[in-house]
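Since the structure comes first, as structure tokens, the remarks are kept for the end.
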Amino acid sequence: MILFFALVFFGVAIGGACAFAIFWPLSLVHLRERDPALRARLGEHAFLSPAALRWLLSGGYREVPDRSFTGLATPARIALVVTLCGLALAAMMALWSLS
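Residue numbering for the sequence shown follows the working numbering, starting at 9 and increasing by one per position.
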């Protein structure tokens, strides 16, 4: 039963990663077109940049006055949190099954 829950949490993490792969690039493209200064601050390869992901997770995107951008970045943040939590819970269940 524990390994089943590990598999379920891993599936949740995959779903979160898919949603992240949709919303985060859309957010970055929106920044490229509308706010090049912020895009330059995040860096050229911001998709998996630790600094950009930390900025997203901490909610730094809320400083941007563009509601269209925050409308894209909020689901990306939720998807990233779901992915990280799903992976952490899957790893915890897998380790629990070994003990």
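Where a beta carbon is used, it is the ideal one built from N, C-alpha and C, also for glycine.
This structure is a prediction, so every number in the text was calculated from the model and none was measured.
1. Just how far apart, CA to CA, sit residue 76 and residue 99?
2. Evaluate residue 104 with the Cβ neighbour count: other Cβ atoms within 10 Å of its Cβ, from every protein chain shown; 16 or more gives buried, anything less gives exposed.
3. Roughly how many angstroms lie between the CA atoms of residue 86 and residue 62, to the nearest whole one?
4. Is the beta carbon of residue 28 closer than 8 Å to that of residue 80?
5. Hey, residue 57 and residue 50: beta-carbon distance below 8 Å or not?
6. Within 10 angstroms of its Cβ, does residue 101 collect 16 or more other Cβ (buried), or is it exposed?
Looking at the atomic coordinates:
1. Working through the sequence shown from its first residue, we reach residue 76 at position 68. Working through the sequence shown from its first residue, we reach residue 99 at position 91. Approximately 35 Å between the Cα atoms of the pair.
2. Residue mapping note: residue 104 aligns to position 96 of the sequence shown, counting from 1. That one is exposed.
3. Counting from one through the sequence shown, the residue named residue 86 turns up at place 78. Counting from one through the sequence shown, the residue named residue 62 turns up at place 54. So the two alpha carbons sit approximately 13 Å from each other.
4. For this step, residue 80 is matched to residue 72 along the sequence shown. For this step, residue 28 is matched to residue 20 along the sequence shown. Not a contact, by the Cβ cut-off of 8 Å.
5. Within the sequence shown, the letter at position 49 stands for residue 57. Within the sequence shown, the letter at position 42 stands for residue 50. Yes, Cβ-Cβ distance for residue 57 and residue 50 is below 8 Å.
6. As a working note, residue 101 is residue 93 in the sequence shown. Counting of Cβ neighbours within 10 angstroms places residue 101 among the buried residues, the total reaching 16 or more.
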